[in-house]
């Protein structure tokens, strides 16, 4: 295939070999590269080509790009498709754009709106990886006769005694393992993550050495289908009947004010509540059934226990074999924070609960709780699940009626 043997003399032949997340150079494969138009996936395409692989670049058109075209900081905008095509042309590899708008809308955007309307805090990037990239795109890659699908995600794939394993990226600031906890063992057999063993600065330097036009392009940061950064507009458009006024109530039951819709609030929020009191108050729960925004003192934000749903387990032993005293793990409830010590419990019915050793502030239903073997960047990803219910640390510790957040099971 055109360009498969082109080698850039300025790039060290061992640059890719240094990463533990890909193949040896002599193993020539047909590799589909998911090209977003950014620097990371472009470098992956260049590395795959220089290792002698038969490379096919694919860019997904996921939504109406009109509003986001040319907007800095967005992902998968119209400009990104143009950038991906230019990189592919420069590398001499074939490039295709696949229209996945309908699939993306059904699997990601619609569920995003439904979750927010239900008082949850969804993570669309997890849904996109799970439903689009690692399901639909992976199947497309197989249909093209590919041996692997390579992406620009920052996570390491390593061979373990029982098959491929996922490990946090070397660059802790770029680690994306939190968003990849739904990856299955079967998918791992087909996925490559060449950048997991490289720091971001080195990836940028590789892009410069390859003379890629996107070498200085800014990283995407926002939700790709929210061009204005105002996610409430998506919910109002797709779920108009779900946005309605209601009450703001204290955790002890007192009504303190009214609100224009629970989608305008997030757990942990303090500013913009429109209420005053003798102590600072925070949003501690959003109740879609009663359409109430529940507020309380900061102590009520501290969550101790998490009941999870849709758990994906990547550990060696089955969850059913977890001992009654629980399995020591490290858990992460935000992508921007390091994992903390925790204990995982699994009952006979398959329900999974995670108890955080130190607790965590502002945990919301719909977020992910992701499991690791350690708290550093050598930690293996053991899976994770979506938070279905939270229990405040004060409640877990005392169940005391005099506490303003007593009985607060989110």
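Residue numbers (the numbering used here): 16 to 425. Beta carbons: idealized from backbone N, C-alpha and C, even for Gly.
{"Item": "Uninterrupted beta strand (DSSP E) stretches inside the segment 66 to 136 (no shorter than 3 residues)", "Value": "69 to 76, 110 to 114"}
{"Item": "Neighbourhood of residue 177 by C-beta, 8 Å cutoff - its chain only, sequence neighbours within 5 removed", "Value": "331"}
{"Item": "Residue 72 versus residue 106: straight-line alpha-carbon distance, rounded", "Value": "10 Å"}
{"Item": "Residue 245, buried or exposed, once every other Cβ within 10 Å from all chains shown has been counted against 16", "Value": "exposed"}
{"Item": "Beta-carbon gap between residue 315 and residue 299 smaller than 8 Å", "Value": "yes"}
{"Item": "Stretch pair the segment 138 to 147 + the segment 119 to 127: three plus CB contacts closer than 8 Å", "Value": "yes"}
{"Item": "Local conformation of residue 325 per DSSP, three classes", "Value": "strand"}
{"Item": "Which residues DSSP lists as bridging residue 318, in chain order", "Value": "375, 407"}
{"Item": "Buried versus exposed call for residue 180 [16 or more other C-beta atoms within 10 Å across all chains shown]", "Value": "buried"}
{"Item": "Beta-ladder partner(s) of residue 180, from DSSP", "Value": "173"}
{"Item": "Inter-residue Cα distance where the pair is residue 406 and residue 201", "Value": "34 Å"}
{"Item": "Neighbourhood of residue 187 by C-beta, 6 Å cutoff - its chain only, sequence neighbours within 5 removed", "Value": "392"}
{"Item": "Whole-angstrom distance between residue 358 and residue 337, CA atom to CA atom", "Value": "11 Å"}
{"Item": "Segment contact flag, the segment 249 to 263 with the segment 272 to 281, C-beta cutoff 8 Å, min 3 pairs", "Value": "yes"}
{"Item": "Cβ-Cβ separation, residue 49 to residue 152 (assumed contact under 8 Å), whole Å", "Value": "6 Å"}
{"Item": "Rounded C-alpha distance that separates residue 155 from residue 131", "Value": "31 Å"}
{"Item": "Selection from 221, 375, 226, 166 that minimises the alpha carbon distance to residue 75", "Value": "166"}
{"Item": "Beta-carbon proximity list for residue 162, same chain, < 6 Å, skipping 5 on both sides", "Value": "44, 45"}
{"Item": "For residue 155, three-class secondary structure by DSSP", "Value": "helix"}
{"Item": "Nearest to residue 42 (by Cα), restricted to the options 230, 372, 66", "Value": "66"}
{"Item": "Own chain partners of residue 147 with C-beta closer than 8 Å, once the 5 adjacent residues on each side are dropped", "Value": "75, 77, 115, 118, 119, 122, 123"}
{"Item": "Beta-carbon spacing of residue 136, residue 381 below 8 Å", "Value": "yes"}
{"Item": "Best match in 334, 230, 325, 222 for proximity to residue 403 [C-alpha to C-alpha]", "Value": "325"}
{"Item": "Burial state of residue 371 (16 or more Cβ within 10 Å)", "Value": "buried"}
{"Item": "Buried versus exposed, by CB contacts within 10 Å (16 or more), residue 159", "Value": "exposed"}
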